[in-house]
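S.K.: Okay, handing you the structure first.
Protein chains: 2
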Amino acid sequence: MPRSKTYSDDLVLEKAMNVFWVHGYEGTSVRMLEKEMGINQFSIYSSFKNKKNLFLNALRKYREFVITNRFQPLLQEGAGFAELEKFLLNSVTSKKGKEEKKGCLVVNTAGEMGEHDPDIALEINRYYDFIRNMILKVLQNALRKGELPINTDIEKQASFFLGVMQGISVAGKTMEKRQLKDFIGLALDQIR
Amino acid sequence: MPRSKTYSDDLVLEKAMNVFWVHGYEGTSVRMLEKEMGINQFSIYSSFKNKKNLFLNALRKYREFVITNRFQPLLQEGAGFAELEKFLLNSVTSKKGKEEKKGCLVVNTAGEMGEHDPDIALEINRYYDFIRNMILKVLQNALRKGELPINTDIEKQASFFLGVMQGISVAGKTMEKRQLKDFIGLALDQIR
DNA sequence: TATTATTCCAAGCACATGCTTAGAAATTGA
DNA sequence: TCAATTTCTAAGCATGTGCTTGGAATAATA
């Protein structure tokens with residue numbers, strides 16, 4: 005009997021994610037959201053409860069988004085050092101010209117909301133736990149394949165890799181391309 | 005003839021800096037500022053023009069603050085690798101217990117304001133230019149002292165060091181202490 | 001001590017914020 | 001076709017925002 009929705013929750017959520025990505029949490033108003041999502045405030049609130057909850061959903065969506073768009077090669081069966089290398093180098097080449105330097109939504113959020121909000125802090129931790137596990141698996145593969153010294157401490161290297169990733173998220177905004185490349189190059193030398 | 009100020013511009017600016025440091029630019033209201041600075045809105049606007057200009061001054065103040073409080077050892081005459089090492093390790097040990105993980109104001113700002121505001125982007129660049137120059141000098145010293153391989157590319161190493169610093173600013177919020185230490189340890193190995 | 005320049009205070013301005021609500025529009029199943 | 005149930009629209013609510021203003025309080029000068 006009921007009337008059916010004219011929009012997809014998942015689709016408008018992705019649009020919301022992009023707004024938050026560009027403007028941050030506080031910098032994004034509900035008016036901006038309703039414009040970009042293409043639905044009314046009422047619909048936003050009935051679908052996502054409130055602004056913060058919408059943002060939490062956007063953060064989860066971002067994790068999915070990043071996994072399918074950037075981490076895919078690292079999740080393949082035989083992924084090893086070559087894939088790690090490509091992944092880091094992609095961080096610099098994917099910054100094509102006019103596209104805005106949005107950086108990483110999670111890093112931006114960690115900076116903006118810090119530890120102020122426990123729900124968001126939790127989501128940030130989930131994000132990095134996931135990435136860390138993925139890195140660990142790839143490093144294990146690389147070790148097995150003999151691409152790394154036998155006595156390599158995988159856990160330490162994972163921390164290093166993660167730290168470098170986070171550094172790149174900031175450096176992508178503040179460094180010139182040449183310097184960013186050098187940073188990544190030396191980081192890769194360290195792992196190998 | 006005129007009545008004299010009852011507050012010091014420099015002193016209230018430092019207080020403003022701390023508020024921005026904790027809550028970010030958008031997250032800080034003028035009402036919060038007048039409370040923490042201990043002066044009226046009128047005085048804020050007559051001394052600093054407007055909120056954004058106050059923030060720009062706070063960013064500059066932050067640079068001074070960081071230089072005198074954290075970079076001091078690196079600016080000394082004979083500073084070499086040992087000082088670089090201590091500096092990075094300080095980033096983790098200075099995170100004492102209850103003190104909030106505020107991270108780096110400049111990194112937080114880069115995340116929040118990104119490239120949206122050109123004036124602020126300029127100030128961010130100034131900050132990192134300063135740090136990069138300082139790192140370069142110390143690396144040069146270290147090279148001269150024979151603490152680094154003779155063929156070391158100082159410029160590349162400076163980019164690496166800066167990238168690691170930025171990584172630490174994020175990792176300090178998202179990693180456990182042990183992992184952060186490992187990250188720094190391997191980064192230092194790379195430089196040496 | 002009277003004058004004068006300036007600081008301070010409180011109130012208020014116009015607008016933006018997150019969120020709610022009442023009623024019209026619409027689409028499903030009977 | 002009609003009733004039921006949900007979605008959509010637009011207006012509005014209380015509060016917060018950055019910023020301004022008019023007048024009282026103040027202190028240095030003459």
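Residue numbers (the working numbering), protein chains in the order written: chain A, 5 to 196; chain B, 5 to 196.
The beta-carbon is built from N, C-alpha and C at its ideal position, and this holds for glycine as well.
1) Jot down the residue ranges of each uninterrupted alpha helix (DSSP H) in the stretch 51 to 94 of chain A, minimum 4 residues, whole runs only, in chain order.
2) If the cut is a Cβ gap below 8 Å, which residues of chain A does F164(B) touch?
3) For F165(B), which residues in the same chain have their Cβ closer than 6 Å to its Cβ, ignoring the five residues on either side in sequence?
4) Report yes if the C-beta distance between F181(B) and V96(B) is below 8 Å; otherwise report no.
5) Under 8 Å, CB to CB, which of the residues in the stretch 32 to 60 of chain A have a partner in chain B?
6) Report the rounded CA-to-CA distance for S163(B) versus K149(B), giving the unit in angstroms.
7) Go to N155(B), then tell me how far its alpha helix (DSSP H) extends in each direction, as first and last residue.
8) Pull up the CB-CB distance for G167(B) and G171(A), whole angstroms please, since I reckon it's below 8 Å.
9) With 8 Å set as the bound, which would you pick, yes or no: does the beta-carbon of I128(A) sit closer than that to a beta-carbon of chain B?
10) Going along chain B in order, which residues have a C-beta closer than 7 Å to the C-beta of I135(A)?
11) Do you know how far the Cα of Y132(B) is from the Cα of N54(A)?
12) Rounded C-beta distance between L92(B) and L192(B)? I'm assuming under 8 Å.
13) When we look at the beta-carbon of I154(A) and count the other beta-carbons within 10 Å, is it buried (16 or more) or exposed?
14) Find the nearest neighbour of S47(B) within the set I188(B), T178(B) and K9(B), judged by alpha-carbon distance.
15) Quick one: what does DSSP say K102(A) is sitting in, helix, strand or coil?
16) Taking its Cβ as the centre, do 16 or more other Cβ atoms sit within 10 Å of S173(B), making it buried, or is it exposed?
17) For I188(B), does the three-state DSSP call read helix, strand or coil?
18) Pick from M36(B), D157(B) and V142(B): whose alpha carbon is nearest that of G82(B)?
19) A86(A) touches chain B at which residues, Cβ-Cβ below 8 Å?
20) Check whether the Cβ of T178(A) lies closer than 8 Å to any Cβ atom in chain B.
21) Quick test of your reading: I43(A) and V26(A), contact by CB under 8 Å. State the CB separation rounded to the nearest angstrom.
22) Is it right to say L126(A) is buried, meaning 16 or more other beta carbons lie within 10 angstroms of its own, or is it exposed?
23) Please classify Q45(A) as buried or exposed, where buried requires at least 16 neighbouring CB atoms within 10 angstroms.
24) Given that a residue counts as buried once 16 or more other Cβ atoms are within 10 Å of its Cβ, and exposed if not, what is A86(B)?
25) In chain order, what residues of the same chain lie with their CB nearer than 7 Å to the CB of K102(A), ignoring the 5 residues before and after it?
26) When burial is assigned at 16 or more other CB atoms within 10 Å of the CB, is T72(B) buried or exposed?
27) Can you name the start and end residues of the alpha helix (DSSP H) that R136(B) belongs to?
28) Does the beta carbon of K105(A) sit closer than 8 Å to a beta carbon anywhere in chain B?
29) Closer than 8 Å, CB to CB, is A114(B) near chain A or not?
30) Could you work out which residues of chain A lie near I124(B), taking near to mean beta carbons separated by less than 8 Å?
31) Got a sec? Which residues, its chain only, sit under 7 Å from T32(A) by beta carbon, not counting five neighbours each side?
32) Near L60(B), what residues of its chain come up, given a Cβ to Cβ distance below 8 Å and the 5 sequence neighbours on each side ignored?
33) Residues in the same chain with beta-carbon distance under 6 Å from L152(B), minus the five sequence neighbours each way, listed in chain order, please.
34) Let me confirm a value: K105(A) is counted as buried when at least 16 other C-beta atoms fall within 10 Å, else exposed. Which label applies?
35) Need the endpoints of the alpha helix (DSSP H) that N22(A) sits in, please.
M.R.: For this structure:
1) Here the runs fully enclosed are 55 to 70 and 76 to 79.
2) Position 160 of the second sequence, counted from the first residue, corresponds to residue 164(B). Residues of chain A passing the Cβ test: D186, F187, L190 and A191.
3) What you label residue 165(B) is simply residue 161 of the second sequence in a count that begins at 1. Closer than 6 Å at the Cβ level, and outside the excluded window around F165(B), lie I139.
4) Locating residue 181(B) in the second sequence gives position 177, counting from the first residue. Locating residue 96(B) in the second sequence gives position 92, counting from the first residue. In the sequence as presented, Phe is not what sits at residue 181(B); that position holds Lys. Less than 8 Å separates the beta-carbon of K181(B) from that of V96(B).
5) Residues of the stretch 32 to 60 of chain A whose Cβ lies closer than 8 Å to any Cβ of chain B: none.
6) Position 159 of the second sequence, counted from the first residue, corresponds to residue 163(B). Position 145 of the second sequence, counted from the first residue, corresponds to residue 149(B). Cα to Cα, the separation comes out at about 21 Å.
7) Here residue 155(B) is taken as the residue at index 151 of the second sequence, counted from 1. Looking at the DSSP string, N155(B) is not in any alpha helix (DSSP H), and its letter there is neither H nor E.
8) Stepping through the second sequence from its first residue, residue 167(B) is reached at position 163. Stepping through the first sequence from its first residue, residue 171(A) is reached at position 167. Right, the Cβ-Cβ distance comes to about 4 Å (below 8 Å), so this counts as a contact.
9) Position 124 of the first sequence holds residue 128(A). For I128(A), the answer is yes, since a Cβ of chain B falls inside 8 Å of its Cβ.
10) Start at 1 with the first residue of the first sequence, and residue 135(A) comes out as number 131. By Cβ distance, chain B contributes nothing, its closest Cβ being about 10 Å from I135(A), past 7 Å.
11) As a first step, residue 54(A) must be located in the first sequence, where it is residue number 50. As a first step, residue 132(B) must be located in the second sequence, where it is residue number 128. Using only the alpha carbons, I get a separation of about 38 Å.
12) Mapped onto the second sequence, residue 92(B) falls at position 88. Mapped onto the second sequence, residue 192(B) falls at position 188. Sure, about 6 Å apart at Cβ, within 8 Å.
13) Counting from one through the first sequence, the residue named residue 154(A) turns up at place 150. Per the 10 Å Cβ criterion, exposed.
14) Counted from its first residue, the second sequence places residue 47(B) at position 43. Cα-wise, what sits closest to S47(B) is K9(B).
15) Taking the first sequence and counting its residues from 1, one reaches residue 102(A) at position 98. At K102(A) the pLDDT is 48, less than 50, meaning the model places this residue with poor confidence and gives no usable figure here.
16) As a working note, residue 173(B) is residue 169 in the second sequence. Result: buried.
17) What you label residue 188(B) is simply residue 184 of the second sequence in a count that begins at 1. It is helical.
18) Indexing the second sequence from 1 puts residue 82(B) at position 78. Nearest of M36(B), D157(B) and V142(B) to G82(B), Cα basis: V142(B).
19) Here residue 86(A) corresponds to residue number 82 of the first sequence, with the count starting at 1. Among the residues of chain B, none has a CB under 8 Å from the CB of A86(A); the nearest is roughly 20 Å distant.
20) Mapped onto the first sequence, residue 178(A) falls at position 174. Taking Cβ atoms only, chain B reaches closer than 8 Å to T178(A), which makes this a yes.
21) As a first step, residue 43(A) must be located in the first sequence, where it is residue number 39. As a first step, residue 26(A) must be located in the first sequence, where it is residue number 22. Taking C-beta atoms under 8 Å as the contact rule, I43(A) and V26(A) fail to qualify, at a distance of about 19 Å.
22) Translated into the one-based positions of the first sequence, residue 126(A) becomes position 122. Under this definition L126(A) is an exposed residue.
23) Taking the first sequence and counting its residues from 1, the one referred to as residue 45(A) is at position 41. Exposed, because fewer than 16 other Cβ atoms sit within 10 Å of the Cβ of Q45(A).
24) To locate residue 86(B), count along the second sequence from 1; it is residue 82. Answer is exposed; the Cβ neighbour count stays below 16.
25) Here residue 102(A) refers to the residue found at position 98 of the first sequence. The pLDDT assigned to K102(A) is 48, lower than 50, so where the model puts this residue is not dependable, and the model offers no usable value.
26) Residue 72(B) sits at position 68 when you count from the first residue of the second sequence. Looking at its Cβ environment, which holds fewer than 16 other Cβ atoms inside 10 Å, T72(B) is exposed.
27) Here residue 136(B) refers to the residue found at position 132 of the second sequence. In the DSSP annotation of this structure, the continuous segment of the alpha helix (DSSP H) that includes R136(B) starts and ends at P122 to R148.
28) Position 101 of the first sequence, counting from 1, holds the residue named residue 105(A). Closer than 8 Å to some Cβ of chain B, the Cβ of K105(A) qualifies, so yes.
29) On the second sequence, position 110 is the one that residue 114(B) refers to. It does; some Cβ of chain A falls within 8 Å.
30) Taking the second sequence and counting its residues from 1, one reaches residue 124(B) at position 120. Taking a Cβ-Cβ threshold of 8 Å, none of the residues of chain A is close to I124(B); the smallest such distance is about 12 Å.
31) Taking the first sequence and counting its residues from 1, the one referred to as residue 32(A) is at position 28. The residues V23 and F24, in chain order, have a CB closer than 7 Å to that of T32(A) in the same chain once the five nearest residues on each side in sequence are set aside.
32) Numbered from 1 along the second sequence, position 56 holds the residue referred to as residue 60(B). Taking C-beta separations shorter than 8 Å and ignoring five residues to either side along the sequence, the partners of L60(B) in its chain run D123, I124 and E127, following chain order.
33) The residue labelled residue 152(B) in the question sits at position 148 within the second sequence. Within the same chain, L152(B) has close Cβ partners A146.
34) If you number the first sequence from 1, residue 105(A) lands on position 101. Taking every protein chain shown into account, the CB of K105(A) has fewer than 16 other CB atoms within 10 angstroms, so this residue is exposed.
35) In the first sequence, the residue the question calls residue 22(A) occupies position 18. For N22(A), the uninterrupted alpha helix (DSSP H) run begins and ends at D13 to H27, by DSSP.
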